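Visitor:
Number of protein chains: 2
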Amino acid sequence: MSRVVIGVDLGGTNLRTSLISSEGVILDKHKEATRASEGWGKIVNRLIQNIERQQEIAIQKGMSVVAVGVGAPGVIRVDKGIVVKSPNFPDWNNLPLKHELEKVIRLPVMIENDANAAALGEQWRGAGMGIGSMILLTLGTGVGGGIVLDKKIWHGADGMAGELGHMTIIPDGRKCGCGNSGCLEMYASARGIVQSYEDALGVSTTGMQSAITSAQVYQEARNGNARAVKVMNDMGCILGIGIANLINIFNPEMVVIGGGVREAWPLFIDFTRMEIKKRAFEVPAARTHIVPSKLGDDAGTMGAAATALQGAGWN
Amino acid sequence: MSRVVIGVDLGGTNLRTSLISSEGVILDKHKEATRASEGWGKIVNRLIQNIERQQEIAIQKGMSVVAVGVGAPGVIRVDKGIVVKSPNFPDWNNLPLKHELEKVIRLPVMIENDANAAALGEQWRGAGMGIGSMILLTLGTGVGGGIVLDKKIWHGADGMAGELGHMTIIPDGRKCGCGNSGCLEMYASARGIVQSYEDALGVSTTGMQSAITSAQVYQEARNGNARAVKVMNDMGCILGIGIANLINIFNPEMVVIGGGVREAWPLFIDFTRMEIKKRAFEVPAARTHIVPSKLGDDAGTMGAAATALQGAGWN
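Quick note, the sequences are listed as chains A and B, same order. Residue 217 in the working numbering sits at position 217 of the first sequence; the count goes up by one each step and never skips. Residue 51 in the working numbering sits at position 51 of the second sequence; the count goes up by one each step and never skips.
#1: Name, in chain order, the residues that DSSP records as bridge partners for residue 106 of chain A.
#2: Quick one: measure Cβ to Cβ for residue 163 of chain A and residue 145 of chain A, integer angstroms, because I've assumed they're closer than 8 angstroms.
#3: Please state whether DSSP places residue 35 of chain B in a helix, a strand or coil.
#4: In angstroms with no decimal places, state the Cα-to-Cα distance between residue 27 of chain B and residue 156 of chain B.
#5: Taking the alpha carbon of residue 166 of chain A as the point to measure from, which residue in A/186, A/147 and A/149 has its own alpha carbon closest?
#6: Can you list the residues of chain B that residue 154 of chain A reaches, using a CB-CB cut of under 8 angstroms?
#7: Would you mind telling me which residues of chain A sit closer than 7 angstroms to residue 158 of chain B, beta carbon to beta carbon, in chain order?
#8: For the beta strand (DSSP E) that residue 85 of chain A lies in, which residues bound it at each end?
#9: Between residue 138 of chain B and residue 258 of chain B, how many whole angstroms is the CB-CB distance? I'm expecting something under 8 angstroms.
#10: Any beta carbon of chain B sitting closer than 8 angstroms to that of residue 179 of chain A?
#11: So which residues of chain B does residue 232 of chain A contact, with C-beta pairs closer than 9 angstroms?
#12: At a Cβ threshold of 8 angstroms, is residue 163 of chain A touching chain B?
#13: Give me the DSSP bridge partner(s) of residue 19 of chain B.
#14: Less than 7 angstroms between C-beta atoms, sequence neighbours within five positions excluded: which residues of the same chain meet that for residue 285 of chain A?
#15: So the beta strand (DSSP E) residue 143 of chain B belongs to, where does it begin and stop?
#16: Quick check: is the beta carbon of residue 279 of chain A nearer than 8 angstroms to any beta carbon in chain B?
#17: Starting from residue 115 of chain B, find everything on chain A with Cβ-Cβ shorter than 9 angstroms and list it in chain order.
#18: Any Cβ of chain B within less than 8 angstroms of the Cβ of residue 244 of chain A?
#19: Between residue 69 of chain B and residue 46 of chain B, what straight-line distance do the alpha-carbon atoms span, to the nearest angstrom?
#20: Can you pull out the residues from the segment 164-175 of chain A whose beta carbon lies closer than 9 angstroms to at least one beta carbon of chain B?
#21: From residue 5 of chain B to residue 61 of chain B, what distance separates their C-alpha atoms?
#22: Would residue 76 of chain B count as contacting chain A if we go by Cβ distances under 8 angstroms?
#23: Just checking: is the beta-carbon of residue 241 of chain B within a distance shorter than 8 angstroms of some beta-carbon in chain A?
#24: For a cutoff of 8 angstroms on Cβ pairs, would you count residue 133 of chain A as touching chain B?
#25: Assess, as a yes-or-no matter, whether the segment 92-99 of chain A is touched by the segment 52-59 of chain A under the definition of 3 or more beta carbon pairs within less than 8 angstroms.
#26: Using DSSP with H/G/I as helix, E/B as strand and the rest coil, what is residue 77 of chain A?
#27: What does residue 113 of chain A pair with, by DSSP beta-bridge criteria?
#28: Quick check: what's the CA-CA separation for residue 241 of chain B versus residue 250 of chain B?
#29: So, helix, strand or coil for residue 63 of chain A, using DSSP?
#30: So what does DSSP say about residue 266 of chain A, is it helix, strand or coil?
#31: Grab me the residues of residue 192 of chain A's own chain with a C-beta within less than 6 angstroms of its C-beta, minus the 5 sequence neighbours each way, in chain order.
#32: Distance, Cα to Cα, residue 254 of chain B vs residue 134 of chain B?
#33: Please check the pair residue 72 of chain B and residue 10 of chain B, which I expect to be a contact at CB under 8 angstroms, by giving their CB distance rounded to whole angstroms.
#34: List the residues that DSSP assigns as beta-bridge partners of residue 167 of chain B.
#35: Jot down the residue ranges of each uninterrupted alpha helix (DSSP H) in the segment 240-315 of chain B, minimum 4 residues, whole runs only, in chain order.
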């Protein structure tokens with residue numbers, strides 16, 4: 001009987017659950033709304049239902065599920081399978097998610113941070129296949145990061161390593177939600193891009209919902225709007241400063257850029273590369289492949305599956 | 001017969017050679033001038049003489065040397081034992097140092113970058129004893145770095161990881177010799193401190209040998225000279241931005257600060273800690289011990305010895 005795993009990507013918006021072979025082939029996938037506001041009890045129940053559904057599908061296919069991996073946003077104690085806290089789930093305080101799932105599912109469950117899971121997914125079956133050292137930057141609403149060294153996630157002493165969106169780029173720059181000023185996230189995220197465009201227009205939406213979206217800024221730039229073009233070029237430069245730092249620090253084989261901002265790739269990447277060339281050491285800069293993510297929305301479940309396989313000692 | 005190793009710290013100024021037990025006790029040490037300008041042939045011969053002298057001392061003590069480790073400045077191919085290039089030894093281009101030494105010494109020789117060796121030394125028998133993840137910053141003429149993860153040096157794809165002095169702190173700041181602008185090294189090194197003091201005085205020595213030394217700046221600050229005090233405070237803040245980045249990236253257990261600037265510790269460390277508190281995530285910031293190096297001038301030979309032991313499969 002063929003052995004498979006289940007990878008879960010528990011996002012603030014979507015809950016994705018995939019049945020994945022030990023070779024990294026997605027055999028079935030399901031997506032539904034997370035409904036984070038319903039509280040942890042209901043969400044955990046929904047997680048269990050989704051996992052059980054994939055278990056049934058596996059049985060129908062004549063396969064046996066050997067482990068489950070879950071990627072969740074926030075601070076995760078990977079060793080204990082605890083969600084310490086999560087920006088998307090305010091009532092999750094030291095939630096023993098591994099334990100809650102294992103007592104019903106009766107399979108080994110591994111919990112991982114969502115950005116780390118996405119990084120591992122890209123390394124296992126995405127842009128970084130065969131690559132040992134890889135840094136993932138997800139440019140979404142915020143900027144997340146995952147560090148893969150020797151094909152494994154570097155978690156750090158508290159499981160909080162890889163907060164790459166909170167490198168200081170402009171010491172006296174924009175105030176970030178994390179308490180710092182001038183974080184990469186404040187310029188290279190979708191939100192940061194919208195703010196830069198609003199700054200360029202001379203409008204301010206501080207404290208209000210912005211009237212424009214990042215997708216509109218990209219479209220304006222594609223249409224040749226000089227302000228929007230400059231916003232995207234400047235964003236590319238700031239991203240380049242951050243990546244140049246990561247290159248000088250890690251000398252990695254690859255940097256993968258994921259998240260929704262990746263859609264605007266041609267609008268910023270030349271400026272990113274130019275800045276890297278200007279700022280990073282020549283040999284490691286030439287070595288590092290800077291590429292867009294390949295798995296897109298499947299990176300999280302794929303990485304959760306890889307986590308499950310690593311946890312089960314299979315990978 | 002007790003087994004020992006020899007650790008060599010080949011600096012631009014001094015050549016240090018120590019006989020070190022497998023428990024990390026220095027049994028004998030010797031220091032002499034490197035005389036870098038004499039060219040690689042003479043320096044390699046002197047290296048061999050120093051190693052052979054320690055071998056003889058070991059024999060007199062009834063001990064047997066089982067391996068040699070050498071820390072050298074510059075880009076090192078650790079796997080092949082080649083010095084690719086070195087700022088201190090302009091005629092060392094792809095020098096197969098391991099091979100050159102092994103053919104005479106007839107012992108396994110491991111080559112490591114000097115900052116990495118110092119980091120490993122501090123982790124093995126210095127400030128970071130028992131610590132798994134540790135970042136070393138050496139604030140000397142320049143700023144060097146070494147990254148210890150899971151008790152091993154992270155070398156990166158080309159052996160060039162850990163160039164922590166070349167993180168960008170001030171994107172449009174001082175022009176650095178590496179080609180970048182605003183590198184940590186331009187502010188937190190002895191040279192950077194002198195430049196900041198000259199800037200504060202309104203004198204410029206660009207292209208000239210500076211008339212003042214970093215030690216004089218520290219002394220002025222200790223004497224209460226307001227300009228010198230401010231220079232040291234500002235240097236502390238900039239160092240804090242760099243360390244906050246490293247904390248958000250690595251979530252390490254410890255950051256060790258070595259190099260000559262460490263002598264001025266009380267003049268900058270409060271500002272460094274304040275900046276870290278302001279900029280890094282709370283949990284990893286509270287976790288990270290920020291400490292001065294403990295081994296001082298012995299860090300390099302101690303780490304070279306650790307490299308030799310790791311290479312020989314003993315550690």
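We put the CB at the ideal spot given by N, CA and C, even for glycine. Nothing here was measured: the structure is a model prediction, and the numbers come from that model.
Guide: Here's the rundown:
#1: For this step, residue 106 of chain A is matched to residue 106 along the first sequence. Paired residues: none, contrary to the question.
#2: As a working note, residue 163 of chain A is residue 163 in the first sequence. As a working note, residue 145 of chain A is residue 145 in the first sequence. At roughly 6 angstroms, the Cβ-Cβ gap stays under 8 angstroms, so residue 163 of chain A and residue 145 of chain A are in contact.
#3: Counted from its first residue, the second sequence places residue 35 of chain B at position 35. If DSSP states are grouped into helix, strand and coil, residue 35 of chain B belongs with coil.
#4: Taking the first residue of the second sequence as position 1, residue 27 of chain B is located at position 27. Taking the first residue of the second sequence as position 1, residue 156 of chain B is located at position 156. So the alpha carbons of these two residues sit roughly 33 angstroms apart.
#5: Mapped onto the first sequence, residue 166 of chain A falls at position 166. When only C-alpha atoms are compared, the closest one is A/186.
#6: As a working mapping, residue 154 of chain A is identified with position 154 in the first sequence. Under the 8 angstroms cutoff, chain B gives 149 and 250.
#7: Residue mapping note: residue 158 of chain B aligns to position 158 of the second sequence, counting from 1. 251, 283, 284 and 287, listed in chain order.
#8: Position 85 of the first sequence, counting from 1, holds the residue named residue 85 of chain A. First-last of the beta strand (DSSP E) with residue 85 of chain A: 82-85.
#9: Reading the second sequence from its first residue, position 138 is the one you call residue 138 of chain B. Reading the second sequence from its first residue, position 258 is the one you call residue 258 of chain B. Contact holds; Cβ gap of about 4 angstroms.
#10: Looking up residue 179 of chain A in the first sequence gives position 179. Interface residue, yes.
#11: By one-based count along the first sequence, residue 232 of chain A stands at place 232. Within 9 angstroms Cβ-Cβ: nothing; residue 232 of chain A doesn't reach chain B, min ~18 angstroms.
#12: To locate residue 163 of chain A, count along the first sequence from 1; it is residue 163. Yes, contact with chain B.
#13: In the second sequence, counting from the first residue as 1, residue 19 of chain B sits at position 19. BP columns for residue 19 of chain B point to B/6 and B/28.
#14: Locating residue 285 of chain A in the first sequence gives position 285, counting from the first residue. Same-chain partners within the cutoff: 247, 276 and 277.
#15: The residue given as residue 143 of chain B occupies position 143 in the second sequence. 143-149 is the span of the beta strand (DSSP E), which, as asked, contains residue 143 of chain B.
#16: Walking along the first sequence from the start, residue 279 of chain A turns up at place 279. Yes - at least one Cβ of chain B is within 8 angstroms of the one on residue 279 of chain A.
#17: To locate residue 115 of chain B, count along the second sequence from 1; it is residue 115. Ordered by position in chain A, no residue passes the 9 angstroms Cβ test against residue 115 of chain B, which lies about 13 angstroms from the chain.
#18: Locating residue 244 of chain A in the first sequence gives position 244, counting from the first residue. Yes, its Cβ sits closer than 8 angstroms to a Cβ of chain B.
#19: Within the second sequence, numbered from 1, the residue matching residue 69 of chain B stands at position 69. Within the second sequence, numbered from 1, the residue matching residue 46 of chain B stands at position 46. Each residue's Cα considered, the two are about 15 angstroms apart.
#20: 164, 165, 166, 167, 168, 169, 170 and 171
#21: Within the second sequence, numbered from 1, the residue matching residue 5 of chain B stands at position 5. Within the second sequence, numbered from 1, the residue matching residue 61 of chain B stands at position 61. Cα to Cα, residue 5 of chain B sits roughly 13 angstroms from residue 61 of chain B.
#22: Taking the second sequence and counting its residues from 1, the one referred to as residue 76 of chain B is at position 76. Output row for residue 76 of chain B: interface = no.
#23: On the second sequence, position 241 is the one that residue 241 of chain B refers to. Residue 241 of chain B counts as touching chain A.
#24: Walking along the first sequence from the start, residue 133 of chain A turns up at place 133. Chain B, which has a Cβ nearer than 8 angstroms to the Cβ of residue 133 of chain A, makes this yes.
#25: no
#26: Here residue 77 of chain A refers to the residue found at position 77 of the first sequence. If DSSP states are grouped into helix, strand and coil, residue 77 of chain A belongs with the strands.
#27: Residue mapping note: residue 113 of chain A aligns to position 113 of the first sequence, counting from 1. Paired residues: A/72.
#28: Locating residue 241 of chain B in the second sequence gives position 241, counting from the first residue. Locating residue 250 of chain B in the second sequence gives position 250, counting from the first residue. Their Cα atoms are separated by approximately 14 angstroms.
#29: Working through the first sequence from its first residue, we reach residue 63 of chain A at position 63. Three-state DSSP puts residue 63 of chain A in a strand.
#30: Within the first sequence, numbered from 1, the residue matching residue 266 of chain A stands at position 266. Helix, per DSSP.
#31: What you label residue 192 of chain A is simply residue 192 of the first sequence in a count that begins at 1. Excluding residues within five positions, the ones whose Cβ falls inside 6 angstroms are 186.
#32: Translated into positions along the second sequence, residue 254 of chain B becomes position 254. Translated into positions along the second sequence, residue 134 of chain B becomes position 134. Distance between the alpha carbons of residue 254 of chain B and residue 134 of chain B: 5 angstroms.
#33: Start at 1 with the first residue of the second sequence, and residue 72 of chain B comes out as number 72. Start at 1 with the first residue of the second sequence, and residue 10 of chain B comes out as number 10. With a Cβ gap of about 5 angstroms, residue 72 of chain B and residue 10 of chain B count as contacting.
#34: Here residue 167 of chain B corresponds to residue number 167 of the second sequence, with the count starting at 1. In DSSP, residue 167 of chain B forms no bridge with anything.
#35: 265-279, 282-287 and 299-311
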